[in-house]
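Residue numbers (the numbering used here): -2 to 121.
Here you go:
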């Protein structure tokens, strides 16, 4: 028994559609992550610039130490919050990207025997 061309076409259709959907989902997720990272970088740079302007205007060393300490604490907290947010975005990206692949992993409607038959016939 040999496979019909429509059967061969159907055999590859579901995985191709799943791959296309996963690629589109991944692209959107990566764009969102890039935008979020860019925003964080811009905000971080602006906060650093403002901090150094304040730092250069101080006249007492103890005020400078306190300002630097507060800035370091704030920068660390912002970084941890951003890292958590980006981690969640990557987790969601993975879940969304594999959703179409997982749903297309169900067995094919084309029986495997029809694919084995032409190979068995050639070996005889």
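Backbone N, C-alpha and C fix where the C-beta goes; we use that ideal spot for every residue, glycine too.
Alpha-carbon to alpha-carbon, residue j and residue i
i: residue 91; j: residue 28; result: 14 Å
i: residue 98; j: residue 78; result: 31 Å
i: residue 48; j: residue 58; result: 15 Å
i: residue 125; j: residue 68; result: Residue numbering for the chain in the displayed model covers -2 to 121; residue 125 lies beyond these limits and cannot be assessed.
i: residue 17; j: residue 83; result: 24 Å
i: residue 20; j: residue 61; result: 50 Å
i: residue 88; j: residue 24; result: 14 Å
i: residue 12; j: residue 26; result: 21 Å
i: residue 30; j: residue 96; result: 19 Å
i: residue 43; j: residue 85; result: 25 Å
Residue i burial status per 10 Å Cβ neighbour count (16 or more: buried)
i: residue 191; result: Absent from the structure is residue 191, since the part of the chain shown begins at -2 and ends at 121.
i: residue 94; result: buried
Proximity of residue i and residue j at Cβ, strictly below 8 Å
i: residue 75; j: residue 41; result: yes
i: residue 51; j: residue 64; result: yes
Among the options, the one whose alpha carbon lies nearest that of residue i
i: residue 73; options: 96, 37 and 85; result: 37
- Task: Within the segment 34 to 115, note down every full alpha helix (DSSP H) run reaching 4 residues or more, in order along the chain.
- Result: 58 to 100
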